[in-house]
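If you count by my numbering, then the sequence shown holds residues 19 to 277, one letter each, in order. Every residue, glycine too, gets a C-beta built ideally from N, C-alpha and C. Here's the structure, in structure tokens; my notes come after.
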Amino acid sequence: MPTVPTTPSAAADPVITTLADRPELASRIWDMRDSWPAFSGEDALAWLLYPRIVAEFPEYVWIATDGDAVVARGFALPFALHTEERGGTLPANGWDAVLMWAFSDRRRGVLPDTVSAIEISVATDRQGRGLSGRMLAAMRESVRAAGFAELVAPVRPNGKPAEPDAPMEEYAYRTRGDGLPHDPWLRVHVRAGGVIDSVAPVSMTVSGSLAQWREWTGLPFDAAGPVRVPGALVPVHCEPERGYAVYVEPNVWVRHRLR
Ligand SMILES: CC(C)(COP(=O)(O)OP(=O)(O)OC[C@H]1O[C@@H](n2cnc3c(N)ncnc32)[C@H](O)[C@@H]1OP(=O)(O)O)[C@@H](O)C(=O)NCCC(=O)NCCS
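Have a look at this one:
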């Protein structure tokens with residue numbers, strides 16, 4: 019897929035390219051300090067398939083560099099959405115479904131008709147400067163230039179951890195006085211031209227033993243019921259009598275029409 023060169027608006031702006039264009043950055047994309055909670059990398063599909071994205075889909079990996087420093091990264095995956103079986107409907111198991119479908123389609127030689135964003139992360143010391151919007155614009159432009167009509171995204175609203183008990187169905191559609199989404203990251207998507215489609219109620223699932231959850235969060239995980247965990251969009255459900263806890267993360271499907 020072609021990288022569409024981005025024109026820095028100022029001399030100090032980071033440069034955004036794909037990993038296909040700069041393969042030497044493959045080992046460096048994880049060096050960046052990000053703000054993901056520790057448990058989020060424990061989704062079994064993510065654990066298994068993220069390294070494969072880098073190896074098998076380098077044209078769908080975007081990296082922003084500032085001099086030698088990696089300051090943002092983005093991942094997307096192509097898959098077939100408009101098949102008889104999938105029917106063009108964005109799935110309830112959003113993020114996990116994209117990972118499964120993209121790798122399964124490639125293995126079976128099924129031609130993709132849609133691309134889904136999987137992640138955009140900005141280095142902690144570079145957040146709040148509009149870099150996420152530039153990463154999204156670069157992703158949109160590359161996907162459009164590759165001939166796709168639509169980029170979709172199971173968005174993880176970054177303001178939701180402050181309101182873990184709010185139903186996502188309400189939070190996702192909450193707007194400010196100017197009509198834009200209340201949530202900052204959803205706002206970036208809508209400003210870029212995205213339209214909120216639906217809530218993906220089981221987008222990502224992380225299950226673990228009580229010992230694992232204690233290690234990931236530093237919390238006791240000794241009482242039954244919902245546990246509020248920093249960085250989680252909804253409470254984690256703890257079952258001490260059965261020895262496990264499980265987190266089911268809802269995301270918000272956004273559709274970006276590209277032509
Ligand atoms: C979500 C994320 C990508 C946003 O990146 P960013 O470059 O810092 O965002 P921007 O500077 O473009 O700001 C976007 C909006 O968020 C707001 N914002 C930025 N940092 C914020 C913060 N810490 N708290 C609340 N709002 C914030 C900005 O004011 C802006 O709002 P505006 O629409 O009113 O202008 C970044 O915070 C991040 O990497 N988070 C961790 C990974 C993640 O959750 N990624 C998204 C799921 S894949």
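Where does the unbroken alpha helix (DSSP H) through residue i begin, and where does it stop?
{"i": "Tyr78", "result": "Here Tyr78 belongs to no alpha helix (DSSP H), and DSSP marks it neither H nor E."}
{"i": "Thr235", "result": "228–235"}
{"i": "Glu187", "result": "186–189"}
{"i": "Trp119", "result": "112–126"}
{"i": "Leu129", "result": "It is not in any alpha helix (DSSP H) - Leu129 carries neither H nor E in the DSSP assignment."}
{"i": "Leu204", "result": "202–209"}
State yes or no: is the C-beta of residue i within less than 9 Å of the C-beta of residue j?
{"i": "Arg152", "j": "Pro32", "result": "yes"}
{"i": "Thr66", "j": "Tyr78", "result": "The question names Thr, but residue 66 is Leu in the sequence shown. Contact: no."}
{"i": "Ala250", "j": "Ser225", "result": "no"}
{"i": "Glu168", "j": "Arg273", "result": "yes"}
{"i": "Val206", "j": "Ser150", "result": "yes"}
{"i": "Ala141", "j": "Met157", "result": "no"}
{"i": "Asp131", "j": "His100", "result": "yes"}
{"i": "Leu129", "j": "Ile81", "result": "no"}
{"i": "Phe93", "j": "Glu137", "result": "yes"}
{"i": "Met118", "j": "Leu63", "result": "yes"}
{"i": "Ser139", "j": "Asp52", "result": "yes"}
Answer with buried or exposed for residue i, where buried requires no fewer than 16 other C-beta atoms within 10 angstroms of its C-beta.
{"i": "Pro26", "result": "Any reading at Pro26 must be qualified, since the residue scores a pLDDT of 48, below 50, and its modelled position is unreliable; the value itself is stated next. So Pro26 ends up on the exposed side."}
{"i": "Pro238", "result": "exposed"}
{"i": "Ala29", "result": "Interpretation of Ala29 is limited by its pLDDT of 46, a score under 50 that renders its predicted location unreliable; no figure is taken from the coordinates."}
{"i": "Asp143", "result": "exposed"}
{"i": "Pro202", "result": "exposed"}
{"i": "Trp48", "result": "exposed"}
{"i": "Glu187", "result": "exposed"}
{"i": "Ala56", "result": "exposed"}
{"i": "Asp240", "result": "exposed"}
{"i": "Asp183", "result": "exposed"}
{"i": "Arg275", "result": "exposed"}
Please report the distance separating the alpha-carbon of residue i from that of residue j.
{"i": "Asp86", "j": "Cys256", "result": "43 Å"}
{"i": "Asp196", "j": "Arg162", "result": "29 Å"}
{"i": "Arg209", "j": "Ile71", "result": "28 Å"}
{"i": "Pro349", "j": "Val270", "result": "Since the displayed the chain opens at 19 and closes at 277, residue 349 lies outside it and no answer follows."}
{"i": "Ala90", "j": "Ser58", "result": "18 Å"}
{"i": "Gly261", "j": "Glu267", "result": "20 Å"}
{"i": "Arg192", "j": "Leu204", "result": "10 Å"}
{"i": "Val88", "j": "Leu37", "result": "12 Å"}
{"i": "Pro175", "j": "Pro41", "result": "30 Å"}
{"i": "Arg232", "j": "Thr83", "result": "35 Å"}
{"i": "Tyr265", "j": "Val133", "result": "26 Å"}
{"i": "Gly212", "j": "Pro244", "result": "33 Å"}
{"i": "Glu102", "j": "Val220", "result": "22 Å"}
{"i": "Thr35", "j": "Pro76", "result": "11 Å"}
{"i": "Arg104", "j": "Glu181", "result": "32 Å"}
Between which two residues does the beta strand (DSSP E) containing residue i stretch?
{"i": "Val252", "result": "Note, Val252: premise wrong, no beta strand (DSSP E); not H, not E."}
{"i": "Glu279", "result": "This structure cannot settle anything about residue 279, because the visible part of the chain is limited to 19 through 277."}
{"i": "Asn269", "result": "262–275"}
{"i": "Pro172", "result": "168–173"}
{"i": "Gly243", "result": "243–245"}
{"i": "Gly92", "result": "87–97"}
{"i": "Ile47", "result": "Element bounds for Ile47: n/a, residue is neither H nor E."}
Does any CB atom of chain B fall closer than 9 Å to the CB of residue i?
{"i": "Arg158", "result": "No chain B appears in this structure, which consists of one protein chain only."}
Is there contact here, the stretch 207–224 with the stretch 95–114, by at least three beta-carbon pairs under 8 Å?
yes
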